[in-house]
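Basically the numbering used here = 1-based index in the sequence shown + 8.
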Amino acid sequence: MAYEVCEAADEVGELNARLRDATPQEILRVAIERHGGKIALVSSFGSESAVLLHMAAQIDPDIAVIFLDTGMLFGQTLDYRKQLAQRLGLTGVRDERPQFQDLAVHDPNADLWKSDTDACCHIRKVLPLDRALKGFDGWITGRKRFQGGDRIRLQVVERGEGKLKFNPLANWTKADIDAYVAEHDLPAHPLVAFGYPSIGCWPCTRPVEEGQDERSGRWAGSEKTECGIHTPRASSIVEVGGDI
Ligand code: SF4
Numbered sequence: 009m010a011y012e013v014c015e016a017a018d019e020v021g022e023l024n025a026r027l028r029d030a031t032p033q034e035i036l037r038v039a040i041e042r043h044g045g046k047i048a049l050v051s052s053f054g055s056e057s058a059v060l061l062h063m064a065a066q067i068d069p070d071i072a073v074i075f076l077d078t079g080m081l082f083g084q085t086l087d088y089r090k091q092l093a094q095r096l097g098l099t100g101v102r103d104e105r106p107q108f109q110d111l112a113v114h115d116p117n118a119d120l121w122k123s124d125t126d127a128c129c130h131i132r133k134v135l136p137l138d139r140a141l142k143g144f145d146g147w148i149t150g151r152k153r154f155q156g157g158d159r160i161r162l163q164v165v166e167r168g169e170g171k172l173k174f175n176p177l178a179n180w181t182k183a184d185i186d187a188y189v190a191e192h193d194l195p196a197h198p199l200v201a202f203g204y205p206s207i208g209c210w211p212c213t214r215p216v217e218e219g220q221d222e223r224s225g226r227w228a229g230s231e232k233t234e235c236g237i238h239t240p241r242a243s244s245i246v247e248v249g250g251d252i
């Protein structure tokens with residue numbers, strides 16, 4: 009077991025050394041070619057998602073894209089997910105939803121977010137992602153270091169949920185993102201124009217003032233900064249049963 013842990017750490021270290029200064033497209037290509045059809049891109053179809061999705065579509069339009077439809081998303085996000093996938097020619101987008109039994113037992117009135125956001129995120133995001141990632145050897149995220157919080161230490165390659173996890177945009181700045189969007193004329197999420205630089209579920213997302221941290225509108229007024237899919241699993245809530 010110790011040998012396997014060392015071997016896994018070596019693999020992450022070797023990939024980081026190799027890709028530390030690579031472009032996002034080079035990182036994506038390495039990730040996709042290394043894992044073939046066994047890698048999934050996890051996307052929120054949020055304010056900056058079009059960049060990574062566009063890059064991935066240029067390499068493999070059939071790549072599996074996991075979209076966590078929590079049941080609490082803005083209608084604009086659901087529309088954007090459909091329109092953007094079609095525009096980019098992405099054929100592998102999967103809408104992953106919370107399990108009916110988990111909602112029935114732990115959140116029957118759809119108001120768990122009012123009392124326990126960690127538990128709500130666990131049922132609506134973490135467990136669905138864990139189920140969706142079964143069968144994949146690696147995953148790709150759109151996180152950037154400039155987003156702040158725990159993300160300022162983000163590495164290009166890490167290990168998450170026992171799988172290699174690639175963050176092709178880790179090194180990019182907001183200016184890089186904006187320039188790419190302009191160069192490729194990518195459509196913006198409709199809520200960006202209304203002051204939402206980071207977009208999650210409607211109960212937990214607020215618009216922010218000009219100059220504020222872009223993720224400051226997420227779980228505003230609480231200590232929470234991440235939904236839990238990128239942090240070690242902590243909730244004591246377990247799945248109730250299989251999908252129906
Ligand atoms: S972001 Fe809010 S509504 Fe969405 S899953 Fe987390 S706590 Fe629930």
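Each residue gets a CB set at the ideal place from its N, CA and C atoms; glycine is no exception. No experiment lies behind these values; they were computed from the predicted model shown.
Would you say residue i touches the ligand SF4, meaning its beta carbon is less than 7 Å from a heavy atom?
i    : result
P211 : yes
R214 : no
G6   : A query on residue 6 cannot be resolved here, the shown segment of the chain reaching from 9 to 252 and no further.
R223 : no
T78  : yes
R89  : no
G208 : yes
R132 : yes
Nearest by alpha-carbon distance to residue i: which of the options is it?
i    : options                : result
A190 : H62, A48, D18          : H62
T125 : T213, E19, L177        : T213
V134 : P198, I74, P195        : I74
D103 : Y188, T78, H130        : T78
W227 : C128, L60, R95, K90    : C128
V38  : P69, I148, Q155, H130  : I148
I131 : D145, K142, K171, A112 : A112
S206 : T239, R42, F154        : F154
Using a 10 Å radius around the Cβ and a threshold of 16 neighbouring Cβ atoms, would you call residue i buried or exposed?
i    : result
K173 : buried
E56  : buried
P301 : The shown model of the chain, from 9 to 252, leaves out residue 301, and the question about it has no answer.
N179 : buried
K182 : exposed
D251 : Only weak support exists for where D251 lies, its pLDDT of 35 falling under 50; the value from the coordinates is given anyway. The residue in question, D251, is exposed, as its Cβ has fewer than 16 Cβ neighbours within 10 Å.
Below 8 Å on the Cβ atoms is my guess for residue i versus residue j; work out the distance and round it to an integer in Å.
i    : j   : result
L27  : P69 : Between P69 and L27 the Cβ distance is about 23 Å, and since that is not below 8 Å, they are no contact.
C235 : L81 : The Cβ separation is near 12 Å, so there is no contact.
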